[in-house]
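K.L.:
Residue numbers (the numbering used here): 1 to 273. All C-beta atoms in this analysis are idealised placements derived from N, C-alpha and C, irrespective of residue type, glycine included. Computed from a prediction, not measured in an experiment: that's the story for all the values here.
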Amino acid sequence: MTNPEIGKTIEAAGRKTNYLEEGTGPAVLLLHGSGPGVTGYANWRLTVPDLATDFRVLAPDAMGFGYTERHENETYSLDGWVEHTIAFMDATGVEKAHFVGNSFGGGLTLAIASRYPDRVDRMVLMGSAGLDFGLTEGLDTVWGYEPSLENMRKIMMECFAYDRSLITEDLIKSRYDASKRPGYQESFSAMFPAPRGRHVAALSTPEDKIAALPHRVLIVHGREDAVIPLESSHRLHQLLKRSELHTFGECGHWTQIEKKDRFNSLIKSFFLA
């Protein structure tokens, strides 16, 4: 059986990079979060088909995640993730793109916009990192994950989704199996070792640099998000002069899954307007 998480492969920043690609038109780059077992497919499987009707959609596995090649004794940093993403854009012939960044991917999007403003068109920040908001209990649990079915169940039930009926045993098992693939936990644990509060700051872009960004920005957040505090998106909205903020009630950290139809409609209309 074909694994839907494995798409195309291209060399970027010295590593074979796995990515999904669908559709034609202006480029949209989807950057996933940092949960255990995450891939571009796991994060964006319900988003790609909708956007691909109007855009060329690319969803890479970031350095250290999913099926992108890992290097031994890798040091992970915001600098490295930014450079890998820019190298991926270069390799796929994308000069400029709209961005959708989820959580960690939102922090990465802000850093790219700050450092390479001409490579970013409009951006969507969903439950986004990027500010030093202090470590939440939910984020500490996610980053501190050790592979077990019970630990994966706890994260998915208590941290990611407001509507727990979305969390099936098959979904838990699939994410658990992904989290224990060879080399995966080694890279994951190397990214966010304790004390984990410092990594929130390390994913941040200085507020004055965020405030200077000229881009149009849509900020999306689930009101019941237990991983990234809603207040952080309120602050981003204050800082980003060309921003709008949409808050979903009865929604946790998985806006793109829990509110998929409204989320897809919202971001597509934002990019097309």
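What do you reckon, are the CB atoms on Leu135 and Val200 nearer than 7 Å?
P.N.:
Within the sequence shown, the letter at position 135 stands for residue 135. Within the sequence shown, the letter at position 200 stands for residue 200. Cβ distance < 7 Å, so Leu135 and Val200 count as in contact.
K.L.:
Am I right that Ser165 and Arg70 are in contact with their C-beta atoms under 8 Å? What's the rounded C-beta distance?
P.N.:
Numbered from its first residue, the sequence shown carries residue 165 at position 165. Numbered from its first residue, the sequence shown carries residue 70 at position 70. The Cβ separation is near 35 Å, so there is no contact.
K.L.:
Sort out for me which residues DSSP pairs Gly101 with in a bridge.
P.N.:
What you label residue 101 is simply residue 101 of the sequence shown in a count that begins at 1. Residue pairing of Gly101 in beta bridges, as defined by DSSP: Leu31 and Leu125.
K.L.:
Going straight from the alpha carbon of Lys96 to that of Arg119, what length do you get?
P.N.:
Within the sequence shown, numbered from 1, the residue matching residue 96 stands at position 96. Within the sequence shown, numbered from 1, the residue matching residue 119 stands at position 119. Between Lys96 and Arg119, the C-alpha separation is close to 4 Å.
K.L.:
DSSP three-state call for His234: helix, strand or coil?
P.N.:
One-based indexing of the sequence shown puts residue 234 at position 234. Of the three classes helix, strand and coil, the one that applies to His234 here is helix, per DSSP.
K.L.:
With 16 as the cutoff for other CB atoms within 10 Å, does Arg242 come out buried or exposed?
P.N.:
As a working note, residue 242 is residue 242 in the sequence shown. Per the 10 Å Cβ criterion, exposed.
K.L.:
Could you tell me the boundaries of the alpha helix (DSSP H) in which Arg153 lies?
P.N.:
Stepping through the sequence shown from its first residue, residue 153 is reached at position 153. Leu149 to Ile155 is the extent of the alpha helix (DSSP H) around Arg153.
K.L.:
With the cut-off set at 7 Å, would you say Ile172 and Met152 are in Cβ contact?
P.N.:
For the purposes of this step, residue 172 is taken as the residue at position 172 of the sequence shown. For the purposes of this step, residue 152 is taken as the residue at position 152 of the sequence shown. Yes. Within cutoff.
K.L.:
What is the DSSP secondary structure of Gly40, counted as helix, strand or coil?
P.N.:
Within the sequence shown, residue 40 is the residue found at index 40, counting from 1. DSSP places Gly40 in helix when its eight states are reduced to three.
K.L.:
Under a Cβ-count criterion, where at least 16 other Cβ atoms within 10 Å of its own Cβ denotes burial, should Ser128 be classed as buried or exposed?
P.N.:
Position 128 of the sequence shown holds residue 128. The residue in question, Ser128, is buried, as its Cβ has 16 or more Cβ neighbours within 10 Å.
K.L.:
Taking Thr205 as the reference, give the member of Glu224, Leu218, Leu236 and Ile228 with the closest Cα.
P.N.:
Residue 205 sits at position 205 when you count from the first residue of the sequence shown. Looking at the Cα atoms, Leu236 is the closest of the given residues.
K.L.:
Between the alpha carbons of Val100 and Glu158, how many angstroms are there, rounded?
P.N.:
Along the sequence shown, one-based indexing puts residue 100 at 100. Along the sequence shown, one-based indexing puts residue 158 at 158. Each residue's Cα considered, the two are about 24 Å apart.
K.L.:
Assuming Glu186 is part of the alpha helix (DSSP H), what are its boundary residues?
P.N.:
Within the sequence shown, residue 186 is the residue found at index 186, counting from 1. Unbroken alpha helix (DSSP H) run through Glu186: Tyr184 to Met191.
K.L.:
Can you tell me the Cβ-Cβ gap for Lys260 and Cys251, rounded? I've got them flagged as a contact below 8 Å.
P.N.:
What you label residue 260 is simply residue 260 of the sequence shown in a count that begins at 1. What you label residue 251 is simply residue 251 of the sequence shown in a count that begins at 1. That belief does not hold up - the Cβ atoms of Lys260 and Cys251 are roughly 11 Å apart, past 8 Å.
K.L.:
Please list the segments of the beta strand (DSSP E) lying wholly inside the stretch 158-222, counting only runs of 3 or more residues, in order along the chain.
P.N.:
217-222
K.L.:
Please list the terminal residues of the continuous beta strand (DSSP E) segment that includes Leu245.
P.N.:
Mapped onto the sequence shown, residue 245 falls at position 245. Following the DSSP letters along the chain, one finds Leu245 inside the beta strand (DSSP E) bounded by residues Ser243 to Phe248.
K.L.:
According to DSSP, is Pro4 part of a helix, a strand, or is it coil?
P.N.:
As a working note, residue 4 is residue 4 in the sequence shown. Looking at Pro4 - three-state DSSP - the assignment turns out to be coil, as it is neither helix nor strand.
K.L.:
Kindly indicate which residue of Ile219, Tyr184 and Leu149 has the alpha-carbon position closest to the one of Asn73.
P.N.:
For the purposes of this step, residue 73 is identified with residue 73 of the sequence shown, where counting begins at 1. Measuring from the Cα of Asn73, the nearest candidate turns out to be Tyr184.
K.L.:
Counting Cβ pairs, one atom from each stretch, are 3 or more of them under 8 Å apart for the stretch 57-64 and the stretch 130-145?
P.N.:
no
K.L.:
Let me know if Ala211 comes out buried or exposed under the rule of 16 or more other beta-carbons within 10 Å of its beta-carbon.
P.N.:
Start at 1 with the first residue of the sequence shown, and residue 211 comes out as number 211. Label assigned to Ala211: exposed.
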